[in-house]
Structure formats: structure tokens, C-alpha cells
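Numbered according to my numbering, the sequence shown spans residues 1 to 486. First comes the structure, then the notes that go with it.
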Amino acid sequence: MVTPLVHMGLGYDDLLVPALVHAGFETKDLILVARTDANLAWVRQHAPRATTVRLPYAAARRANVVSGLAPHAALKRACAGVGLDVLDLLVSERALRRNRVDTAMNFLNLAAEELESVIAGRGPVLALTEFTVTSELLTAGLVTHHGGLATWPRGIRLPSDRFGLIGAPKGITLWQRQVEDASALAAGEEFICSWRAEQGRPMGFARNLQVETGQEVWRLATDRVKEFAVDRGANLQLPRPSDYARLPWLNPVKARLNLREYQSRRWDPLPERFVFLPLQVQPESSVDVMGQEWRDQAYTARVLADALAPLDIGVAVKEHAHFMWRRDPDYWPQFDAHPNIATIDPFADSRELMRDAVFTVTATGTVGLEAGLLGLPVVTGADMPWSGLANVLTLGAPDDLTAFVAQRGWESLHADRASIDEWFVHDYVRNSWEGLVLDPPRVAAVLAPDNIRKVGVALGEAAASLGHHAGNHAGHAGHAGPAGTA
Numbered sequence: 001m002v003t004p005l006v007h008m009g010l011g012y013d014d015l016l017v018p019a020l021v022h023a024g025f026e027t028k029d030l031i032l033v034a035r036t037d038a039n040l041a042w043v044r045q046h047a048p049r050a051t052t053v054r055l056p057y058a059a060a061r062r063a064n065v066v067s068g069l070a071p072h073a074a075l076k077r078a079c080a081g082v083g084l085d086v087l088d089l090l091v092s093e094r095a096l097r098r099n100r101v102d103t104a105m106n107f108l109n110l111a112a113e114e115l116e117s118v119i120a121g122r123g124p125v126l127a128l129t130e131f132t133v134t135s136e137l138l139t140a141g142l143v144t145h146h147g148g149l150a151t152w153p154r155g156i157r158l159p160s161d162r163f164g165l166i167g168a169p170k171g172i173t174l175w176q177r178q179v180e181d182a183s184a185l186a187a188g189e190e191f192i193c194s195w196r197a198e199q200g201r202p203m204g205f206a207r208n209l210q211v212e213t214g215q216e217v218w219r220l221a222t223d224r225v226k227e228f229a230v231d232r233g234a235n236l237q238l239p240r241p242s243d244y245a246r247l248p249w250l251n252p253v254k255a256r257l258n259l260r261e262y263q264s265r266r267w268d269p270l271p272e273r274f275v276f277l278p279l280q281v282q283p284e285s286s287v288d289v290m291g292q293e294w295r296d297q298a299y300t301a302r303v304l305a306d307a308l309a310p311l312d313i314g315v316a317v318k319e320h321a322h323f324m325w326r327r328d329p330d331y332w333p334q335f336d337a338h339p340n341i342a343t344i345d346p347f348a349d350s351r352e353l354m355r356d357a358v359f360t361v362t363a364t365g366t367v368g369l370e371a372g373l374l375g376l377p378v379v380t381g382a383d384m385p386w387s388g389l390a391n392v393l394t395l396g397a398p399d400d401l402t403a404f405v406a407q408r409g410w411e412s413l414h415a416d417r418a419s420i421d422e423w424f425v426h427d428y429v430r431n432s433w434e435g436l437v438l439d440p441p442r443v444a445a446v447l448a449p450d451n452i453r454k455v456g457v458a459l460g461e462a463a464a465s466l467g468h469h470a471g472n473h474a475g476h477a478g479h480a481g482p483a484g485t486a
């Protein structure tokens, strides 16, 4: 018997639990890991018979500082399961790392032991867990160690109306579908032909453009206030009370002040010859967790700029235009102080920049996918699906850029159009399904019954690889969650 597990979070529960019902599971068979006490009200309403795991926040705060800091066996198994070490778990997640080290370490050990107690001995577990907060990483690692599958549905960006099941966190890998789907291959072939001709921005970009404004700032802040109202600062994986004044993604007033500052900032002209380094959103799991040593993007820029200076090639650093309010203005002096770094207009067209650049560097960003499909040289900081392209190189750490530049490594990064198209259709889009997986609170179409059914089909396929056989109730999402009115 396959056991379904969902690591809970804002919004996604309304998509994933009904989708699991479509896949043939019953809510009474679920394991629900509650990240916050606010999740418990959802469980009581929509899945009261599920097994609920509460994380040991209070117990972790009672750490005896004399006892020493050492990873216990369960924590070691969790780390091995996700390919990370204990240091990665301590520093990758913003909220946890701001606690005392003894408290954070105690939480890692206690949470791993609590999670393993409900995962071990159940047979294969299909875990839907994002790879952002520490408890999600622990869950994924333990499920993997005990023979299950830890994955998360996520849009593949190109095409933007399809999603895959990703594994993590050391880079991003697409779960390899076990069945042949002619419609997926056809979608890939149709898309790559039209995209090459138009190279338009994905639909997801337009959707984000509609919400990454003041509306988005208020939404994020409101979500956190709701969490804080229940947990009252006791949750080690949520912001502290003081953070609501200090951090721009929690404080709409500070976010607006940041935007005003950026609107008046003078951005640098583009160097004549340059390497393109678009900054990724932070805090965010794809760079902070999956990027590992690449999470310090300012350090990456400095190492790259130092290496390129003797060649008279600059570094063009571009902020993410629709998230720049997340970074305070004091982030930029370290770039301004370097003579070989140009901080360019955030609203410059990334497509033109990647085409004109000597090469592009990104830790885990999808600009690597777009540049890769154009046959342009790309350096990534973690294994990504597009790392399989001959014109894309993965380096283990920013310091490796020094040797790469000295050897003019970009000159050997080439791929012909036929091999790129073959990879895109048969290795990338083949392992996806039609449907939308975005942030559900932002896009109502994600929670539409037909879209939930599509996600359920994907989850059912993944569960079948573990030996699951859907029961007669598959397809009745109305029995689980607000999308079907429980």
C-alpha cells in the first residue's frame, strides 16, 4: 500500500489534497505535516481523519546548551536522502538560521526523529513536499531513504501551460514518466517551433506581471500576519515579531519605500563586452537551497568580475524587475564598489542580454533554459534539466568560475539545433503534463476542478510507480478540500 503525505503550506493544500483524491487516495490515509498551527484548522475541516504531524518547535527551544551539538541518526539519514549536509540545512532556510544554533540544531534532530516515526515501516510513501523550509527537506530526505518518492508539482515554464514533478534539492530534476504520452511529445514539438520564431515571454511572465505589484506585497504580508496571529512568534520556521518591521516582504511600507528608491536610482550603462548575470529572487528555495554554494549571489558576481577583468569583459548584473522591492538599497554598494560590475536597468530585456552576452551565468534560474534553447553558452550552479544540453555547463561553486574563465571555457559550449530540439521534446516536455501549477492564491485557474483533475492524473502516475492501484473513488475531488466543497 502506498501512503500519501503532504507537507502543508499556504494555498497548495487546496490543490494537492483534492488532486490526491483524484489519484485514488482517501483523506483518511493521508499523512499531513503541519508547518504552522494555522494549518490545523484546514485539517479539521477538510481531512479530520488524516494522520497529522506537528513539528517540535516548543521542544526545540528547550535545548540544553551543555549537551553539545551533534547530528543524530535520523538527521543523518534525512541529509543523505536529499544530498545535503547539516550545514546546508542550518543555513539554507532563512527563519531557522536566525535562531540560536543550539535551538536550530535541536529542532533538526527532533523534527527528523518525529517525522521518521510516521514514515518508517509504512511501505512506500508518496510525499508532496516543496524544498524550501527545513522540515520539507527533512521529510523529503527521510521518505527517499525509506524507499518512497518525494516530489513536488511545478510549472516547467516552457511551455508555461505544462507542469512536471520535480525532485530535489540538489538542483532540480524532472521525475521520469513511466508511460509514453504522445500528446506531450506533440506539445513539445509544436512549442519549440513557434517559440523559436517569436521568442515571446511565457504566459507565466504575464501572470506574474499582474500580481507582483503592491497587491502582491500586501498579499504576502497578510499571509504572514495570519500565521503570526496563530503561532505568535513561537514557530521556528516563521518570521520573528521584529521581522515584520525589518523585512520588506513582510512590511508593505518598507517595500514601497524600496520601490521608490529604485525608481530614482541611476543604473549603469551596459559594458561593450559582458557576461550576463541575472539575479534570482531571494529568499527563495531554488537558489538558497538547490543552489547551495551559489546562494551568495554578490560573491558570485565579484569572483566572476575579478576573473574577467584581465580580458576586458565586464559583468552585467540585472535585478529581477518584479521582485526588486524584496532587497533593501544597502544590498547594492558591494556591486557599485567593484569597477568591473555594471548594475544595469532591471527592466532591460533579458532575451536581448543573453543573446549579446559572451555567456550567461545563473545558479538555478530558468534564464539558463531560455539561453540553452537558443544554443548560447550557459553556466549553471546546480544540475538542472537543461544541464543535459551540450552548451550548458554545471560548476560546483562560484570559485570554479576563475578556472573556467582562464581556460575560456565558454568557447567550447556548443549544441546544434537538432540535438537541442531532441532534448527539449524527448527529455524535457515528455516528462510533463498539461495543466497549471502556480501559486494557487494568485491564479484561480489552478484550483479549477479540471486543473485539479490534471494534477491528480500526474500524482496517480507517480503513485503507480510505487505500486499504487487507484480505488473506485478516484475522480471525486469533491470529498476533499474547498475546491470541491468538502
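Where is the CB? At the ideal position from N, CA and C, for every residue including glycine.
Counting along the chain, where does the alpha helix (DSSP H) carrying residue i start and finish?
| i | result |
| --- | --- |
| ALA372 | Here the sequence assigns Gly to residue 372, which means Ala is not the residue at that position. 367-373 is the span of the alpha helix (DSSP H), which, as asked, contains GLY372. |
| THR134 | 134-145 |
| LEU270 | Counting along the chain, LEU270 falls outside any alpha helix (DSSP H), and DSSP gives it neither H nor E. |
| LEU459 | 449-464 |
| TRP423 | 417-423 |
| ASP336 | 333-336 |
| MET105 | 101-119 |
| ARG97 | 94-97 |
| ILE192 | 182-198 |
In terms of alpha-carbon separation, which member of the options lies closest to residue i?
| i | options | result |
| --- | --- | --- |
| THR173 | SER432, ASP439, GLY467 and ARG453 | SER432 |
| LEU110 | HIS7, LEU84 and THR134 | THR134 |
| PRO18 | ASN451, ALA463, ALA464 and SER183 | ASN451 |
| PRO71 | LEU376, ASN106 and SER387 | ASN106 |
| ARG98 | VAL425, LEU236 and SER285 | LEU236 |
| HIS22 | HIS468, LEU459 and LEU466 | LEU459 |
| LEU20 | LEU128, ALA63 and ALA38 | LEU128 |
| PRO339 | HIS145, ALA309, THR27 and GLY121 | ALA309 |
| VAL33 | GLY368, VAL6 and VAL457 | VAL6 |
| ALA74 | SER117, ASP421 and ARG35 | SER117 |
| PRO333 | VAL392, LEU311 and ALA301 | ALA301 |
| GLU514 | ALA444, LEU466, HIS426 and ARG453 | Beyond the ends of the chain as shown, which are 1 and 486, falls residue 514; an answer cannot be given. |
| THR360 | LEU304, TRP175 and VAL225 | LEU304 |
| GLY456 | LEU16, GLY11, THR3 and ASP231 | LEU16 |
| GLN282 | TRP249, PRO271, ASP312 and ASN258 | TRP249 |
| SER67 | ASP88, THR103 and SER183 | THR103 |
| THR151 | HIS469, GLU461 and ALA470 | GLU461 |
| ALA448 | MET1, MET8 and ASP14 | ASP14 |
| MET354 | GLY368, THR364 and ALA363 | GLY368 |
| LEU466 | GLY123, PRO398 and THR27 | GLY123 |
| ALA63 | LEU108, PHE25, VAL53 and LEU30 | LEU108 |
| TRP294 | GLY164, LEU401 and THR139 | LEU401 |
| SER419 | ILE192, ALA112 and TYR12 | ILE192 |
| GLU113 | GLU130, TYR331, GLY141 and PHE131 | GLY141 |
| LEU185 | TYR428, ASP312 and VAL446 | TYR428 |
Start and end of the beta strand (DSSP E) containing residue i?
| i | result |
| --- | --- |
| THR151 | 149-155 |
| ILE166 | 162-167 |
| VAL125 | 125-128 |
Which whole-angstrom value describes the C-beta separation of residue i and residue j, a residue pair presumed to lie in contact below a C-beta threshold of 8 Å?
| i | j | result |
| --- | --- | --- |
| GLN297 | ALA382 | With a Cβ gap of about 13 Å, GLN297 and ALA382 do not count as contacting. |
| VAL101 | ILE119 | Actually they do not touch by this definition, with Cβ atoms about 26 Å apart. |
| HIS322 | GLN280 | Incorrect: roughly 12 Å between the Cβ atoms, too far for contact. |
| VAL437 | PRO153 | 4 Å |
| VAL358 | GLY372 | No, VAL358 and GLY372 are not in contact; Cβ-Cβ is about 16 Å, not under 8 Å. |
| VAL379 | LEU389 | Between LEU389 and VAL379 the Cβ distance is about 12 Å, and since that is not below 8 Å, they are no contact. |
| LYS226 | ALA444 | About 19 Å; that fails the 8 Å criterion. |
Hey, is residue i close to the ligand SAM, as in C-beta under 8 Å from one of its heavy atoms?
| i | result |
| --- | --- |
| PHE25 | For the ligand SAM, the structure offers nothing, since it holds no ligand at all. |
>> My parser needs the beta strand (DSSP E) runs of 3 or more residues fully inside the segment 3-85; what are they?
In response: 3-7, 31-34 and 51-54
> Which ranges does the beta strand (DSSP E) cover as unbroken runs of at least 3 residues, wholly within the segment 345-407, from first to last along the chain?
Replying inline: 360-362, 378-380 and 392-394
> Counting Cβ pairs, one atom from each stretch, are 3 or more of them under 8 Å apart for the segment 312-330 and the segment 267-282?
Replying inline: yes
>> My parser needs the beta strand (DSSP E) runs of 3 or more residues fully inside the segment 243-318; what are they?
In response: 274-278 and 314-318
> Would the segment 251-261 and the segment 53-62 be scored as touching if the rule is three or more Cβ pairs under 8 Å?
Replying inline: no
> Do the segment 277-291 and the segment 86-98 make contact, defined as three or more Cβ pairs closer than 8 Å?
Replying inline: yes
> At a cut of 8 Å, does the segment 339-353 reach the segment 257-269 through at least three beta carbon pairs?
Replying inline: yes
> Is the segment 151-163 touching the segment 417-437 in the sense that three or more CB pairs, one from each, lie closer than 8 Å?
Replying inline: yes
>> Does the structure place the segment 43-55 close enough to the segment 75-91 that three or more beta carbon pairs sit under 8 Å?
In response: no
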